[in-house]
Amino acid sequence: MKALCWQGVGQLAVETVPDPALLNKQDVIVRVLASSVCGSDLHLLNGFVPAMKQGDVIGHEFLGEVVEVGSEVERHRVGDRVVVASPLGCGACVHCTEGRWSLCDNSNPTPELAEAVFGHAGAGIFGYSHAFGGFPGSHAEYIRVPFADHGAFAVPEGLSDEQALFLSDAVPTGWMAAEQADAGPGRTVAVWGAGGVGQMAARAAQLLHAEEVVIIDRVAGRLEAAVRNVPGVVPIDATSEDVHERLAELNAGRGPDACVEAVGMESDSGVPQRTYDRVKQRMVPGTDRAGALRQAIRACAKGGTVSVAGVFGGFVDKFPMGAVMNKALTLRSGQQHGQRYIPMLIDRVTRGELDPSVLATHRVGLEEGADAYEVFSRRADGCVRAVLYPGR
Amino acid sequence: MRYRELLHKNAPLTLFAMSGVGVLRALRHVERTGPKWARPHRGGTYVAEINRGAEELSADPTQWPPVLTELAEHAEVRVEPTLVRPTMCLRVTARGGEGDLGRQVREAKQLLETGEVLASPALPEGDRR
Chain A
22 MKALCWQGVG QLAVETVPDP ALLNKQDVIV RVLASSVCGS DLHLLNGFVP
72 AMKQGDVIGH EFLGEVVEVG SEVERHRVGD RVVVASPLGC GACVHCTEGR
122 WSLCDNSNPT PELAEAVFGH AGAGIFGYSH AFGGFPGSHA EYIRVPFADH
172 GAFAVPEGLS DEQALFLSDA VPTGWMAAEQ ADAGPGRTVA VWGAGGVGQM
222 AARAAQLLHA EEVVIIDRVA GRLEAAVRNV PGVVPIDATS EDVHERLAEL
272 NAGRGPDACV EAVGMESDSG VPQRTYDRVK QRMVPGTDRA GALRQAIRAC
322 AKGGTVSVAG VFGGFVDKFP MGAVMNKALT LRSGQQHGQR YIPMLIDRVT
372 RGELDPSVLA THRVGLEEGA DAYEVFSRRA DGCVRAVLYP GR
Chain B
131 MRYRELLHKN APLTLFAMSG VGVLRALRHV ERTGPKWARP HRGGTYVAEI
181 NRGAEELSAD PTQWPPVLTE LAEHAEVRVE PTLVRPTMCL RVTARGGEGD
231 LGRQVREAKQ LLETGEVLAS PALPEGDRR
């Protein structure tokens, strides 16, 4: 089959790779109907995750049709249209049974590197490097889905592919970030990053009845898209406005009670900070550029919560721990627990409360995948999410 | 001039760090490819939390499932309630052993919890292209 493979830092190419096969009794094989690019793929592509190998198939946000079913799969049949949570969860370990699916003990067959760096390994994630199990990703014609009864969800007939696609990752990530930030009545929520996850976090905060939702970015096109896709959200352009002052202005100097960081390890700050962080990133004393996270912690109201949805992989230099301690902030984070949220989110999309399809700005075939990443990484042409259609 | 002085002052530290990296890389190389006696012994003590209650998995070795009996053939194995979730989970401790005991314990846990060991998806290096 054809798949979009990582070839080295900044290099992707479509290659012919072996078709996936059923390896475990709880596997299904899915023919990929649509697979989206994601900001976290850029960290892999740009070489900030060291556990990538040449030939790895990337992509972790997808929807498809079941074409083969393992002998112990009970919930799916050949022909089902399913959306699949990007982390894998066994459904049996203590983390899965308590709803923390992305911390599954049993779905990462190569945990050694993550254990060495993080102390413990998280769940396996599709197309997300060998630190997360080395599972081939979804930018391919077919994909093997282990623990399918827990991670794959039937898509109701009334939902289009693009409405369901982002339930795989961007929507549950945004929802979990808003929920972990304690977004709710009477709370001002500020979201850093107006990409797919940021927009979904802002919409989730509205659905959780937050009093005011603010979204911050440095790319004008993304802010425009956020205002269009999440009506009622207040945009702040970090290139032309003082973010701290604007946020203080919005709620009588208190600052946002709930801050969502949806940017991650390649945050773009002003030129001096960016240059400094980039030098450190190259020389390794700080592997992650955390400009947005620092700003969120500084802006957050006393006693507030900072919820980190953006992906970090290593070490952050100049982490403002003093602000966290002296303002009594709560810091929460984690890869999304899609298996916990997807059924509820399917209902919300079906009821029309949420329309994730607005994130799809570009549509290409697998062969144009590398070009799509190029456009996506430059945030050019108003790109929020490019969707790859392997059958096109 | 200042930069040159700084560089000069830090040169011993840089050389020390670089030699440390060199030694570590050499050790790793020997671990992977050196003679058997030079490779690390993978034994030790490994503990895994099993999400099974005492009524499902006995501490009595005569009632263990085959996976634990097999593990006990080459390692000292103990099953007891966990401290954190004593009513809910058991912990399996394996000590000594041969080969990669950590992996064996992890796979035993997977078998006990999910009924099978998740196949490693990574293709052999030679098949990657």
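Respectively, the protein sequence lines represent chains A and B. For our numbering, count along the first sequence from 1 and bump the result up by 21. For our numbering, count along the second sequence from 1 and bump the result up by 130. Idealized CB from N, CA, C, for every residue including glycine.
- For a Cβ distance threshold of 9 Å, nothing in chain A lies close to B/SER149: the least Cβ distance comes to about 17 Å.
- For A/HIS383, the enclosing beta strand (DSSP E) has its first and last residue at 381-386.
- With three or more CB-CB distances shorter than 8 Å, the stretch 73-85 of chain A counts as touching the stretch 95-106 of chain A.
- Counting along the chain, the unbroken beta strand (DSSP E) around A/ASP238 starts and ends at 233-238.
- With respect to the 8 Å criterion, A/LEU366 and A/HIS160 are not classified as neighbours on the basis of their beta carbons.
- For B/THR212, the three-state secondary structure derived from DSSP is coil.
- From the beta-carbon of B/THR244, the residues of chain A found nearer than 7 Å are CYS111, ALA113, ASN127.
- Residues of chain A whose Cβ lies closer than 7 Å to the Cβ of B/GLN240 are, in chain order, ASN127.
- Assignment of A/VAL210 by DSSP, reduced to helix, strand and coil, places it in the strand class.
- Contacts between B/SER188 and chain A, judged by CB atoms closer than 7 Å, are missing: the closest CB pair is about 19 Å apart.
- Under the 10 Å beta carbon count, A/HIS358 is surrounded by 16 or more other beta carbons and is classified as buried.
- Contact check for A/ALA223 against A/VAL240 fails: the beta carbons are separated by 8 Å or more.
- Residue-level contact by beta carbon holds for B/ALA249 and chain A, with a gap shorter than 8 Å.
- A contact between stretches requires three or more CB pairs, one per stretch, nearer than 8 Å, and the stretch 149-160 of chain A fails this requirement with the stretch 226-243 of chain B.
- Excluding five sequence positions before and after B/GLU206, the CB atoms of its chain that fall closer than 6 Å to its own CB belong to ARG225, GLY226, given in chain order.
- Residue contact with chain A for B/GLU210: absent (no Cβ-Cβ distance below 8 Å to any residue of chain A).
- Distance between A/ASN272 and A/ALA349, taken at the CA atoms: about 19 Å.
- As DSSP reads the structure, A/PHE83 sits in a beta bridge with A/SER56, A/VAL105.
- For A/PRO193, the enclosing alpha helix (DSSP H) covers residues 191-201.
- In the DSSP assignment, A/ILE146 falls outside any alpha helix (DSSP H), carrying neither H nor E.
- Residues of chain B whose Cβ lies closer than 7 Å to the Cβ of A/THR260 do not exist, since the nearest Cβ in that chain is about 32 Å away.
- CA-to-CA, the gap between A/SER354 and B/PHE146 works out to about 37 Å.
- Leaving aside the five residues that flank A/THR326 on each side, the residues in its chain whose CB is nearer than 6 Å to its CB run, in chain order, ALA202, ASP203, ALA279, THR351.
- If you check the CB distance, A/SER92 and A/LYS46 come in under 8 Å.
- Residue pairing of A/PRO256 in beta bridges, as defined by DSSP: A/ILE236.
- Check the Cα spacing between A/CYS117 and each of A/VAL87, A/VAL99, A/ALA144, A/THR131: the tightest is with A/ALA144.
- Among the residues of chain A, those whose CB is under 7 Å from the CB of B/GLU179 are VAL115, following chain order.
- Contacts between A/LEU44 and chain B, judged by CB atoms closer than 7 Å, involve ALA249 in chain order.
- Three or more beta-carbon pairs drawn from the stretch 172-192 of chain B and the stretch 236-250 of chain B are found closer than 8 Å, and the two stretches are therefore classed as touching.
- DSSP, read as helix, strand or coil, puts A/LEU244 in helix.
- The residues PRO193, TRP196, MET197, in chain order, have a CB closer than 7 Å to that of A/TYR362 in the same chain once the five nearest residues on each side in sequence are set aside.
- Boundaries of the beta strand (DSSP E) around A/SER328: 326-329.
- A/GLY219 and A/VAL329 have their C-alpha atoms roughly 11 Å apart.
- Put simply, the CB of A/PRO167 is near chain B, with a gap under 8 Å to one of its CB atoms.
- Interface annotation, A/THR382: not in contact with chain B, CB-CB separation never under 8 Å.
- The stretch 177-188 of chain A and the stretch 64-77 of chain A do not touch, with fewer than three beta-carbon pairs separated by less than 8 Å.
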